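Which chain is which? The protein sequence lines are G and W, in order. Each residue of the first sequence is one higher than the one before, counting from 149 in the numbering used here. Each residue of the second sequence is one higher than the one before, counting from 2 in the numbering used here. Note that beta-carbon positions come from the ideal geometry of N, C-alpha and C, so glycine has one too. On a predicted model such as this, the values are computed, not experimentally measured, just so you know.
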Amino acid sequence: MRVTVDSDKCQGHNRCFALAPELFDVDEYGTAVVIGDGTVAADLEDKARLAVANCPEFAIGIED
Amino acid sequence: MTDVYGPVSDWENDFDHAVPEYNERAHDIWAEFQASGCPVAHSDRYGGLWAPFTHELVHEIAYDTDHFTSQGVVVNTGRPLIEAPVGPAPPITSDPPFHNIARRLLLPPFSPKVIAAWEPEVRRLCRELLDRMGEITPGESVVDAAVQYAQSIPVNVIARMLGFPTEDEELFRGFVHDVLERINEPVEARLEFMQRLDDYLTEQIEEHRANPRDDLTSYLLGVEIEGQKLSIEHVRGSIVLLLVAGIDTTWSAIGSSIWHLGTHPDDLQRLVDDPEVMLFALEEFLRAYAPVTMARLVREDHDFHGCPMKANDWVLLPFPAANRDPAQFDRATEFVIDRQENRHGAFGLGIHRCLGSNLARLELKVAVEEFVARFPAFTVDGEVTWSVGQIRGPRRLPVRVDAIA
Ligand code: HEM
Ligand code: SF4
């Protein structure tokens with residue numbers, strides 16, 4: 149599994165970083181970036197889904 | 002106070018969010034509109050006002066900066082004197098492309114990591130307010146959680162950030178009350194209190210120019226757009242914004258959350274037994290009791306899903322109603338303390354996402370944590386009064402303390 153952030157849609161609500169800091173970081177403008185290439189370790193898959201389910205701007209994607 | 006409009010008898014055609022009944026009954030009013038075939042209210046008050054109540058319509062308007070301008074975001078009897086794209090209080094009153102320029106100046110001091118450093122200070126402040134409540138007898142003592150607690154937290158934090166004297170706390174609350182709650186008074190009255198606010202801020206700004214220091218006011222005086230320092234109007238407008246956006250909003254969020262816990266003992270107990278649930282509870286407080294409704298002005302006459310909107314009409318953006326729309330959320334009207342899927346729009350949607358959201362979350366979380374840590378059992382006991390206007394929250398919140406930790 150891999151997560152992605154669409155930086156055009158992200159408005160910096162910071163929900164992903166709060167829920168899954170292992171997978172997302174935020175820059176000094178509050179915009180989210182994925183950590184590394186976005187690959188999700190098996191034990192973090194639930195957190196990745198949680199981040200998707202809480203992004204108000206529908207900016208996070210998951211690829212299997 | 003002179004309310005130029007008077008009470009509402011017909012919510013569909015003579016809508017007014019600034020009558021006290023609106024915030025008292027808001028949840029029912031929204032549910033009625035969402036269930037009716039026509040989810041948009043209209044009124045001739047304020048020179049023309051529309052109010053859509055579904056998530057879909059609120060979302061659409063928030064994203065549509067072509068038809069709707071942010072030049073005015075607080076509905077009132079007048080119209081803003083400074084035009085788009087800058088507006089009187091950048092970036093909230095700015096439209097693209099200027100909006101992004103003004104917003105980027107303010108984002109770094111409010112970024113998650115910079116704000117996280119304020120946590121010890123916020124916690125200290127909350128504890129001090131709890132200490133100041135004095136001797137408490139469990140089962141008997143009644144404290145006002147809005148007046149003695151919630152209302153002092155954000156105003157102290159933002160005054161410190163701006164480098165303003167915290168003794169002026171009462172004055173700041175007065176300014177915010179004028180701007181946000183005295184919206185149905187004649188234009189002349191509004192101009193007069195706006196002038197008082199401007200005069201106070203001009204004085205503070207001059208003082209900072211003479212003695213620059215490490216605070217937001219000095220920061221705004223130092224930053225540049227394309228090699229130019231900001232105009233005094235821009236600096237003052239942004240400070241007005243931070244004061245107005247930072248105080249009643251967060252006070253309301255803290256108050257509503259404590260109101261919920263004081264009327265729902267199971268949720269209070271869950272938070273006491275399982276403090277980790279706060280990660281989700283925080284967002285559910287924000288969803289179910291979102292305090293902030295924004296507004297836009299219609300740019301040019303246009304037909305919005307059959308609503309004949311006219312240039313310069315106001316349009317409310319009730320994010321709190323969108324957050325309780327059953328078409329968007331499961332069990333929308335219920336408070337689900339550990340809700341797993343929660344794409345709420347309490348901080349807005351689209352380009353104006355609340356710049357202070359990291360600070361607001363920190364204040365709300367710490368305020369509720371500290372209150373519950375000190376008073377693990379309490380019950381709302383007495384008459385609760387609610388704010389009027391676009392910011393919704395309790396202004397008097399008597400709670401009986403049933404246990405002290
Ligand atoms: C729970 C508390 C708060 C809530 C619910 C809230 C809500 C909102 C909402 C809904 C908007 C969007 C405005 C729009 O679409 O026109 C907004 C914008 C804004 N808020 Fe907040 N706010 C809160 C606290 C704060 C605090 C503490 C600050 C800063 C001290 C702040 C500063 C701002 C600013 C500067 C904007 C304008 C952003 C822009 O236009 O780009 N807010 N807020
Ligand atoms: S939750 Fe969505 S909008 Fe918020 S920072 Fe993450 S990607 Fe951006």
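Item: Taking all protein chains shown into account, decide if Phe-372(W) is buried (16 or more other Cβ within 10 angstroms of its Cβ) or exposed.; Value: buried
Item: Just to confirm my understanding: we take Met-2(W), look at its own chain, exclude 5 residues before and 5 after, and list those with CB closer than 6 Å. What are they?; Value: Low per-residue confidence applies at Met-2(W): pLDDT is 46, beneath 50, and the placement is therefore not dependable, though the value from the model is reported in the following sentence. Closer than 6 Å at Cβ, skipping near neighbours: no residue.
Item: Less than 8 Å between the beta carbons of Val-188(G) and Val-153(G), yes or no?; Value: no
Item: Mind checking whether Asp-331(W) and Gln-35(W) have CB atoms under 8 Å apart?; Value: no
Item: Tell me, please, which residues DSSP counts as bridged to Gln-229(W).; Value: Ile-226(W)
Item: Exposed or buried, what is Arg-214(W) when buried is set at 16 or more other beta-carbons lying within 10 Å of its beta-carbon?; Value: exposed
Item: What are the start and end residues of the beta strand (DSSP E) that includes Asn-108(W)?; Value: The sequence given here places Leu at residue 108(W); Asn does not occur at that position. Premise fails: Leu-108(W) is in no beta strand (DSSP E) and is neither H nor E.
Item: Run the CB neighbour count on Thr-203(W), radius 10 Å, all protein chains shown included, and call it buried at 16 or more, exposed below.; Value: exposed
Item: Contact between the region 268-287 of chain W and the region 386-395 of chain W is defined here as three or more beta-carbon pairs at a separation below 8 Å; is this criterion met?; Value: no
Item: Can you pull the DSSP bridge partners for Thr-380(W)?; Value: Arg-401(W)
Item: Is the CB of Cys-164(G) under 8 Å away from at least one CB in chain W?; Value: no
Item: With hydrogens ignored, establish whether the beta-carbon of Met-295(W) is closer than 7 Å to any heavy atom of the ligand HEM.; Value: yes
Item: Taking Cβ-Cβ distances below 7 Å as the criterion, which residues of the region 333-363 of chain W are in contact with chain G?; Value: Gln-341, Glu-342, Asn-343, Arg-344, His-345, Gly-346, Phe-348, Leu-350, Gly-351, Ile-352, Arg-354, Ser-358, Asn-359
Item: Given this structure, state the Cα-to-Cα distance separating Val-72(W) from Glu-136(W), to the nearest angstrom.; Value: Residue identity check: residue 72(W) is Gln in the sequence provided, not Val. Whole-angstrom Cα-Cα distance: 49 Å.
Item: Where does Asp-156(G) land, buried or exposed, given buried means 16+ other C-beta within 10 angstroms?; Value: exposed
Item: Against chain G, does Arg-288(W) count as a neighbour if the rule is that its beta carbon must be under 8 Å from one of theirs?; Value: no
Item: Quick one: which chain G residues come within Cβ less than 8 Å of Arg-105(W)?; Value: Tyr-177
Item: Give the residues from the region 73-94 of chain W that approach chain G closer than 8 Å (Cβ to any Cβ), ordered along the chain.; Value: none
Item: Comparing the C-beta of Gly-209(G) with each C-beta of chain W, is any distance below 8 Å?; Value: no
Item: Is Val-241(W) closer than 8 Å to Leu-231(W) when the C-beta atoms are compared?; Value: no
Item: Closer than 8 Å by beta-carbon distance: list the chain W residues that pair up with Val-174(G), in chain order.; Value: Ser-112, Pro-113, Lys-114
Item: Smallest Cα separation from Leu-280(W): which of Glu-301(W), Leu-365(W), Leu-356(W), Leu-217(W)?; Value: Leu-365(W)
Item: Is Ile-259(W) near the ligand HEM - that is, is its Cβ less than 7 Å away from at least one heavy atom of it?; Value: no
Item: DSSP has Met-295(W) in a bridge; who is on the other side?; Value: Leu-318(W)
Item: Let me confirm a value: Cys-39(W) is counted as buried when at least 16 other C-beta atoms fall within 10 Å, else exposed. Which label applies?; Value: exposed
Item: Are Thr-70(W) and Pro-155(W) touching if we call contact CB-CB under 8 Å?; Value: no
Item: Taking the alpha helix (DSSP H) that Gly-263(W) belongs to, which residues open and close that run?; Value: 249-264
Item: Can you tell which of Gly-160(G), Ala-166(G), Arg-150(G) has its C-alpha closest to the C-alpha of Arg-105(W)?; Value: Gly-160(G)
Item: Expressed to the nearest angstrom, what Euclidean distance is found between the alpha-carbon atoms of Leu-363(W) and Trp-119(W)?; Value: 8 Å
Item: Are the Cβ atoms of Leu-269(W) and Ala-282(W) separated by less than 8 Å?; Value: no
Item: Just to confirm before moving on: does the CB-CB distance between Gly-7(W) and Arg-191(W) stay below 8 Å?; Value: no
Item: Hey, out of Cys-127(W), Asp-304(W), Leu-244(W), whose CA is closest to Tyr-201(W)'s CA?; Value: Leu-244(W)
Item: Expressed to the nearest angstrom, what Euclidean distance is found between the alpha-carbon atoms of Arg-46(W) and Phe-16(W)?; Value: 8 Å
Item: When DSSP labels each residue in this structure, what does Arg-396(W) get in the three-state scheme?; Value: strand
Item: Does the separation of the CB atoms of Leu-408(W) and Leu-356(W) fall below 8 Å?; Value: Because chain W here runs from 2 to 406, residue 408(W) falls outside it and cannot be looked at.
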